[in-house]
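Okay, so here's the structure we're looking at.
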Amino acid sequence: MKKNNLTLGTSVAAIALAAASLTPTVSAFADELVIESWRTDDLDIWESQIIPAFNKSHPDIKVRFAPSPPTEYNANMNAKLTAGTAGDLITCKPFDASLDLYNNGHLTKVDDLPGMENFSGVAKSAWQTDDGSTTFCLPMASVIHGFIYNKEAFKELGLEIPKTIPEFMAALEKIKEDGTYIPMSMGTADQWEAATMGFQNVGPNFWAGEKGRKGLIDGTEKLTDPQYVKVYKHLAEWGPYLGKGYKGQSYPDSQNLFSLGRAAIYPAGSWDISTFNGQADFEFGAFPPPVPAGQDTCYISDHTDIGLGINAASKNVKAAETFLSWMASAEAGSIFSNALPGFYALSKHELTISDPVAQEFVSWRGKCESSIRNSYQILSRGTPNLENDLWNTSVGVINGSMTAEEAAKKAQDGLASWYKPQQ
Amino acid sequence: MALKNQRGSFFRTHILVFLLPAALIYTLFMIVPLIDTVRYSFYGETAEGITSFVGWDNYILILTDERWWTDFSNALENNFIFFVIHMFVQNPIGLLLAALLSLPRLKMANSYRTLIFMPTMLSVVIIGFIWKLILSPLWGVGDTLVGFVGMTDGLPALLGEESTALITLSFISVWQFVGIPMMLTYAALLNVPDDLVDAAIVDGANQWTAFWRIKLPLILPTIAMVSVLTFVANFNAFDLIYAVKGALAGPNFETDIMGTMFYRTFFGYQLQPGSATLGATVASLMFLVILCGVMLYLFVVQRRLQRYQL
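Taken in order, these protein sequences are the chains called F and B. Position in the first sequence (first residue = 1) + 200 = our numbering. Position in the second sequence (first residue = 1) + 992 = our numbering.
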């Protein structure tokens, strides 16, 4: 019996040893910077474009991009950071996931980093403490909302790019009357499409972007205020112009309808550009969300999506800071934005992008005020969750099963039930 | 135990040894987690992740708070509809198929049996995906099919309309799982001795009356068991709804059942943070609902069932 135990013990130890030696040792070299990320798709771009460009000016710092699967990223990062095996630079998800990392002491402050002055408050808001006093990740990329349209269809029907909402509705009506094209390709089956491509896309024009978003957070504005009810009212007008069976249409369906040339307008996120570049064989363009009649200022959703922070336990903090400062430069921003059309560097530098549609999207930054999705910061921490409620109510008004007032009341009641400043 | 005689003591140890593996595994993986879930439902979590005992607070919140109760009662009601459709569509069809399969002169009975049982063996994700494609108002084959029977407007978005989504999903599930009641009742029907049926036929009964008067009463205990299995499985259902409609169970929570509500509460969804303690409360309530249903069956139905020695 005793002997048995011994063999068992030894074999367990042997297995443990084998497992340990199989685990990739992340910080093998003291002078190598390891970047943790969930963007497995971008591995090639980092290795062939971004890192070589960095090494041109900093040949002494070795950098390695080490992505892990997106679905396991948060859990993976928590475990690695706690165990002390994480890389030197951590790609940051926006808002609460990264805030938790900072609060647990895993990320350093980056406020004083040279290059941080290149970022606006909106850009930094996704990686700041609630009071905005500390920033812990460098804003790296955002996605912009707007509408993509089929240029050939517009030409055929003699349509102008709509600038105001009445013009927009008139264009939809004209496409519908003609009957060749489905006026707008969007479905309500996946729910998030209605909220993200609908509500958050056109909304900032109604609630004045950051003013409205901040107003909701500090409790001076309510979702039942007229500006929010108007968003719902506008969305309700979309219903008749969506394709047949839009209630059963999913996100890939919407993309396909547009890229097959069957729909004229597509409410978009800029990440759709690369999909359409690959699939659509007609020319397409983009226009910003139309403004309500008589409004001069336009607002766009320039939503912060990817950041980059420094592991507080890193042995190469100096090198990591150098890399981060370089990432804040105009050069890095331009390489990044060109390699990934639809994802835009967040620095204030003028970006020139070779992809015409991606360039069109980013040009709105100069003409319009930027804001981010209003439910992402703080307001989705409780139950019922505002983001989920926006999905539900946006679908409700488009499907016609809720009035704009009911939808606004539902979202507001849900928020007020747990969020103190709204009570 | 030492006081007992040699023989009795030996007998008891022997029973214990045989029961131990099953009892151990069942306790470890079923009973302990169940009790722990119920225990956990009496705890609360603060934003900082500290758990403390809160008594009945979670239950009071879910059963009295307006929004929680709306969600919960909606899920319960949908689940009930989901169950009723299975009970009164799936099980009778299963019984009918089993009765047809056990007809003495049916050709290719084995092929039918395999074909009908096939969907049950497929992954729910595949089933969900196939039916989503079939019913898709954009590219689905459904439009063409209803065209044959004169519906020129095409198929409405059955999975997208609030009025039809739940019923459509229930029927997809019925289509998938009809093989199970069929197999169980088929096995029971095979156990009915041919002599009895033959004797009845000699006495002048046809297959129809032989089924109603002889076979059905004999397989009634199996049908009761199938019903209770349907009940338990339906109130634990989750995967099909999640695969087709996601955890928000749209449109407007019309397809939300207890399983999807539990998932949202426990794991969270999108930006919604999960709550392990409230999730445990929903799970405990699900357990309670199932327990009540099974008890009702045990005390009201099971006791009155007559079993015949064959």
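Heads up, the beta-carbon is just placed ideally off N, CA and C, and yes, glycines get one too. Quick caveat: nothing in here was measured; it's all calculated off a predicted structure.
If you count every other CB in all the chains shown that lies within 10 Å of the CB of residue i, and 16 or more means buried, which is it?
i         : result
Phe1140/B : exposed
Val310/F  : buried
Phe1045/B : exposed
Arg1299/B : exposed
Leu233/F  : buried
Pro467/F  : buried
Phe1284/B : As written in the sequence, residue 1284/B is Cys, which differs from the Phe given in the question. Label assigned to Cys1284/B: exposed.
Val1009/B : exposed
Gln1301/B : exposed
Asp1028/B : exposed
Tyr1018/B : exposed
Asn255/F  : exposed
Val1218/B : buried
Asn511/F  : buried
His1006/B : exposed
Asn304/F  : exposed
Leu1004/B : The sequence given here has Arg at residue 1004/B, not Leu. Answer is exposed; the Cβ neighbour count stays below 16.
Measure the C-alpha to C-alpha separation of residue i and residue j and round it to an integer number of angstroms.
i         : j         : result
Leu1151/B : Ser470/F  : 29 Å
Lys1237/B : Lys433/F  : 26 Å
Gln689/F  : Glu421/F  : The displayed coordinates of chain F run from 201 to 623. Any statement about residue 689/F would go beyond what the structure contains.
Glu247/F  : Ile1023/B : 52 Å
Cys498/F  : Ser525/F  : 32 Å
Thr396/F  : Leu546/F  : 20 Å
Arg264/F  : Ser537/F  : 20 Å
Thr285/F  : Pro1129/B : 50 Å
Leu1277/B : Asp1248/B : 16 Å
Pro294/F  : Asp418/F  : 20 Å
Leu299/F  : Thr1273/B : 28 Å
Asp1190/B : Leu1210/B : 15 Å
Asp1202/B : Ile1233/B : According to the sequence shown, residue 1202/B is Ala rather than Asp. Rounded to the nearest angstrom, the two C-alpha atoms are 40 Å apart.
Phe229/F  : Asp288/F  : Reliability fails at Phe229/F, whose pLDDT of 46 lies under 50, so the model's placement of it is uncertain and no value is given.
Leu307/F  : Cys337/F  : 8 Å
Ala539/F  : Asp555/F  : 10 Å
Phe1169/B : Pro1111/B : 7 Å
Ser617/F  : Tyr446/F  : 32 Å
Gly1260/B : Ser1267/B : 7 Å
Gln612/F  : Leu423/F  : 5 Å
Lys430/F  : Ile344/F  : 22 Å
Ala1241/B : Leu457/F  : 24 Å
Thr504/F  : Tyr576/F  : 10 Å
Would you verify that the beta carbon of residue i is, or is not, closer than 8 Å to some beta carbon of chain F?
i         : result
Asn1066/B : no
Ala1216/B : no
Leu1087/B : no
Ala1192/B : no
Ala1090/B : no
Ala994/B  : Since pLDDT at Ala994/B reaches only 45, below the 50 mark, its modelled position is unreliable, and no value is offered.
Leu1307/B : Chain B is shown only over 993 to 1302; residue 1307/B falls outside these bounds and no answer can be derived.
Glu1154/B : yes
Gly1036/B : no
Ser1128/B : yes
Arg1059/B : yes
Does the CB of residue i have a neighbour CB from chain B at under 8 Å?
i        : result
Glu272/F : no
Leu457/F : yes
Ala611/F : no
Gln391/F : yes
Thr388/F : yes
Gln427/F : no
Gln449/F : yes
Lys444/F : yes
Asp505/F : no
Pro576/F : Sequence check: residue 576/F is Tyr here, not Pro. Cβ-Cβ to chain B under 8 Å: yes for Tyr576/F.
Gly398/F : no
Asp453/F : yes
Every unbroken alpha helix (DSSP H) within the stretch 542-579 of chain F, with a cutoff of 4 residues, ordered by chain
556-567
Can you list, in chain order, the stretches of the alpha helix (DSSP H) that have 4 or more residues and sit fully within the stretch 477-534 of chain F?
517-527
By the 9 Å beta-carbon criterion, what residues does the stretch 1251-1281 of chain B contribute toward chain F?
Arg1256, Thr1257, Gly1260, Tyr1261, Gln1262, Leu1263, Gln1264, Pro1265, Ser1267 and Leu1270
Name, going along the chain, the residues of the stretch 1230-1253 of chain B whose beta-carbon falls closer than 9 Å to a beta-carbon of chain F.
Lys1237, Gly1238, Leu1240, Gly1242, Pro1243, Asn1244 and Phe1245
Quick check on the DSSP output: what are the complete beta strand (DSSP E) runs of length 3 or more inside the stretch 419-484 of chain F, in order along the chain?
463-469
What runs of the alpha helix (DSSP H), each 4 residues or longer, lie entirely inside the stretch 1015-1060 of chain B?
1024-1032 and 1049-1056
According to a CB-to-CB cut-off of less than 7 Å, which residues of the stretch 580-606 of chain F neighbour chain B?
Ser580, Arg581, Thr583, Pro584, Asn585, Glu587, Asn588, Trp591, Asn592, Val595, Gly596, Asn599 and Ser601
4-residue-minimum alpha helix (DSSP H) runs that sit fully inside the stretch 1093-1126 of chain B, ordered along the chain:
1101-1113
Members of the stretch 538-571 of chain F that neighbour chain B once the beta carbon cut-off is set at 7 Å:
none
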